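One structure below.
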Amino acid sequence: MPDIIIGLILGMVEGLTEFAPVSSTGHMILVGHLLGFQGTDRASTFEVVVQLGSILAVVVVFWKRILNIVGLYKLPEEGTDGQKGHLNALHILCGMIPAVVVGGLFHDYIKHKLFTANTVLIGLVAGGVIMILAEVFRRARPKATSLDQVTYGQAFSVGLFQCLALWPGFSRSGSTISGGLLVGMNHKTASEFTFILAVPMMVAASAKDLYESWDKLSIHDLPLFITGFVTAFVVAMLAIKYFLKLIDKVKLTPFALYRFAVAVVYGLLVL
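In terms of the UniProt record's numbering, the sequence shown has 267 at position 267, counting the first letter as 1, and numbering is strictly consecutive.
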């Protein structure tokens, strides 16, 4: 299959699934397996490149909020909601610490032992169960209905749930949105916090992987990488905006059922 076609397919998969609670890593592994594009340094580096395309989409969609967090932009509505503070860099740090520690300790094991179709199927099912439980036990009256109402404790709790996403198939979005619901955020706030939290996490992880893979890059891979990066960026931009409108209406349960269906169909067809 031509590189550009592979780049288009996997770029679309990455863009559609990175910020939906269905596990982009899981889908990339499963689709890559079907395309025969896996298990090589080239494939691993490509996954990093397309993730950067998705990260850029978040930066573009939330650029005002991100600049506000780092103190380079003042939001007009800041301080008008009666809260003592607003979302800042310490919230993001609280959300990052658990996964940074756990991911750093078990990085090699995760990278070399868990990136298989079998572990992804387990993660899809287990993550779907957690999402349904989050809907069942979420607070009827959320305490945080906007990003500026998120507390440091809530941010840290979401960070603990993010550790689940280190297992391929669990989904960063699925884990953190579920955690947000359980600690008192509404669906939209949990989703927005998840997307913004993903930026430093994914940039750090992608930069590390890209640095380690730099000597394996080839000029001949540019069409594949550029196609995947651009496709992931464009599709992720559209997916983020649509998902934020959708999540308040449909909640997490339909995504959980989709995960179960994917696990069953893929298991029957391939395993």
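We treat Cβ as the ideally placed atom computed from N, Cα and C, and that holds for glycine.
Every value quoted in this text rests on a predicted model; they were computed, and no experiment measured them.
Classification of residue i by the beta-carbon crowding that lies within 10 angstroms, buried from 16 upward
i    : result
T40  : exposed
D148 : buried
V262 : buried
T80  : Confidence at T80 is low in this model, with a pLDDT of 44, below 50, so its placement is unreliable and the value that follows should be read with caution. With fewer than 16 Cβ atoms within 10 Å of its Cβ, T80 is classed as exposed.
V48  : buried
M12  : buried
V70  : exposed
A167 : The sequence as given places Trp at residue 167; Ala does not occur at that position. By the neighbour-count rule (16 or more Cβ atoms within 10 Å), W167 is buried.
G82  : For G82, the pLDDT reaches just 43, beneath the cut-off of 50, and the residue's location in the model is therefore unreliable, although a value from the coordinates is still provided. Answer is exposed; the Cβ neighbour count stays below 16.
M28  : buried
P76  : exposed
K84  : In this prediction, K84 has a pLDDT of 48, which is less than 50 and means its spatial position is unreliable; what the coordinates show is noted afterwards. When all chains shown are included, K84 counts as exposed.
A239 : buried
Whether residue i touches residue j by CB criterion (8 Å)
i    : j    : result
T45  : K216 : yes
V58  : F170 : no
M201 : A99  : yes
A236 : F37  : no
I23  : L124 : For the record, residue 23 in the displayed sequence is Ser; it is not Ile. Their beta carbons are under 8 Å apart, which means S23 touches L124 by this criterion.
F161 : S178 : yes
L16  : Y266 : no
G95  : G159 : yes
Boundaries of the alpha helix (DSSP H) in which residue i is found, first to last residue
i    : result
N118 : 117 to 137
M237 : 222 to 250
S157 : 152 to 162
I69  : 63 to 69
Counterpart residues of residue i in DSSP-defined beta bridges
i    : result
L185 : Leu is not the amino acid found at residue 185; the sequence shown has Met there. In DSSP, M185 forms a bridge with A144.
Contact between the region 118 to 133 and the region 204 to 220 (3+ Cβ pairs under 8 Å): no
query: Is the region 232 to 251 in contact with the region 180 to 191, if contact means three or more CB pairs nearer than 8 Å?
result: yes
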